[in-house]
Structures are given as C-alpha cells and as structure tokens.
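*Asks:* Next up is a structure, given as structure tokens.
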Amino acid sequence: MSRAFVKESDGDEVYDDLPDRPVDPHPNLVTARGLALIDGEIARLQAALSDAQAKAERAAIAEASRDLRYWQARHATAEVAPPAVDHEQARFGLRVTLERGDGTRQSFHIVGVDESDPAKGRLSYVAPLAQALLGKRVGDTASFGKDGEAEIVAIEAAPATD
Numbered sequence: 005m006s007r008a009f010v011k012e013s014d015g016d017e018v019y020d021d022l023p024d025r026p027v028d029p030h031p032n033l034v035t036a037r038g039l040a041l042i043d044g045e046i047a048r049l050q051a052a053l054s055d056a057q058a059k060a061e062r063a064a065i066a067e068a069s070r071d072l073r074y075w076q077a078r079h080a081t082a083e084v085a086p087p088a089v090d091h092e093q094a095r096f097g098l099r100v101t102l103e104r105g106d107g108t109r110q111s112f113h114i115v116g117v118d119e120s121d122p123a124k125g126r127l128s129y130v131a132p133l134a135q136a137l138l139g140k141r142v143g144d145t146a147s148f149g150k151d152g153e154a155e156i157v158a159i160e161a162a163p164a165t166d
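Using our numbering, the letters of the sequence shown map in sequence onto residues 5 to 166.
If you want it as structure tokens, here you go:
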C-alpha cells in the first residue's frame, strides 16, 4: 500500500479524548491535612494548566484539565472528619499501633482514600486492614490478610504533619 495518502498522526489526537480519572465510590472522608493536600493539588494543577495553555501544549492541557476536574470533584465532595475526641477505639483520623507475634511494631494513621500512602503509614479507611482495626481497642487483636494477626498496643492522635 502506498503511504502517499496516509495522514501521519502527530500524537495529539490521543489527548482529545483523555478519559476522566475514576472517582472512588466511598464517602470522601478527609482529615484537615487531607483537605489541605487537595487544595494544594488544585493550585498546582491550575498553575500547570495556565502554563500549558500559554505554551499551547495540547497534551499538557488535556492532562492538567483532566486532573483538575478530578481534584475539584474531590474537593466538592470532601467531608472533613472532626478530630476524634476520645482515643479509646480505633477511628478515622487516629494513629493505631500494632504489635505482631514476633514483636514487630507498625503504626498506621487511618485517613481518606486520596490521602493514603501505606509506605508512609497512612492507610485508607476503606482498606481491609483499616476495616479490621476500626472500632477495636487497645489489647484487642485484629486479623488481616491470609494469616495475619496483631495486637493493638496504642491508639493516639496522629501528628498534624503526618
């Protein structure tokens, strides 16, 4: 087949129909820190969009616009959970420390979906481990995973900078 009449793609067509980011179906509970992170992401994306528009970069415009729509939707549906007054039970916004049978300790701050980062100890409240912890007290055992089990040894307020 002759290539004389085939239009070459410049690659921008891919961004004309960039799909929206999926929005988590759970209630959008956030900590005060989580809401501040959403606000920061919106500001960053607004600046990125303005910059991309000034440079007429279609791909960057499409990506920043899509991400901005996502974060604006998350901001609009955000429900800031008030800080827990009592620390008797594991709840949203609190830090829970677990001790496994081998003596290993690990702490998790139970946070909103967008704020979660398990590698940094921030666990989404809808994650299976968080679900196993919610409502439990110090001394209770939480089961998770296939054979995982750990005792709750502390429940406390998480630092604001966590």
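For each residue, glycine too, the CB sits at the ideal point set by N, CA and C.
Please state if the CB of Leu-102 and the CB of Arg-109 are separated by a distance shorter than 8 angstroms.
*Replies:* yes
*Asks:* Where DSSP assigns a beta bridge to Val-115, which residues make up the other side?
*Replies:* Ser-128
*Asks:* Are there three or more Cβ pairs, one per stretch, closer than 8 angstroms when the region 142 to 160 is compared with the region 116 to 130?
*Replies:* no
*Asks:* Could you give the residue range of the beta strand (DSSP E) that holds Arg-99?
*Replies:* Its beta strand (DSSP E) spans residues 98 to 104.
*Asks:* So what does DSSP say about Ala-50, is it helix, strand or coil?
*Replies:* Here residue 50 is Gln; the residue named in the question, Ala, does not match the sequence. Under the three-state reduction of DSSP, Gln-50 is assigned to helix.
*Asks:* Buried or exposed: where does Gly-38 fall if 16 or more other Cβ atoms within 10 Å of its Cβ makes it buried?
*Replies:* buried
*Asks:* Quick check on Arg-25: buried or exposed, where buried means 16 or more other Cβ atoms within 10 Å of its Cβ?
*Replies:* exposed
*Asks:* Mind the definition here: the region 47 to 61 touches the region 135 to 142 only if three or more C-beta pairs lie below 8 angstroms; say whether that holds.
*Replies:* no
*Asks:* Quick one: measure Cβ to Cβ for Leu-133 and Arg-70, integer angstroms, because I've assumed they're closer than 8 angstroms.
*Replies:* Wrong, their Cβ atoms sit about 31 angstroms apart, outside the cutoff.
*Asks:* For Asp-118, is the classification buried or exposed, using 16 other Cβ atoms within 10 angstroms of its Cβ as the cut-off for buried?
*Replies:* buried
*Asks:* Going by beta carbon distance, what residues of the same chain come within less than 6 angstroms of Ala-85, once the five residues before and after it are set aside?
*Replies:* Excluding residues within five positions, the ones whose Cβ falls inside 6 angstroms are Leu-33, Phe-96 and Gly-97.
*Asks:* Taking only the alpha-carbon atoms, compute the straight-line gap between Ala-58 and Ala-161 and give it to the nearest angstrom.
*Replies:* Between the C-alpha atoms of Ala-58 and Ala-161 there is a straight-line separation of about 45 angstroms.
*Asks:* Using the three-state DSSP reduction, which class does Gln-110 fall into: helix, strand or coil?
*Replies:* strand
*Asks:* Report the three-state DSSP secondary structure of Leu-133 (helix, strand or coil).
*Replies:* helix
*Asks:* Looking only at its own chain, which residues have a Cβ that is under 7 angstroms from the Cβ of Ala-36, when we skip the five neighbours before and after it?
*Replies:* So the list reads Val-84, once near-sequence residues are dropped.
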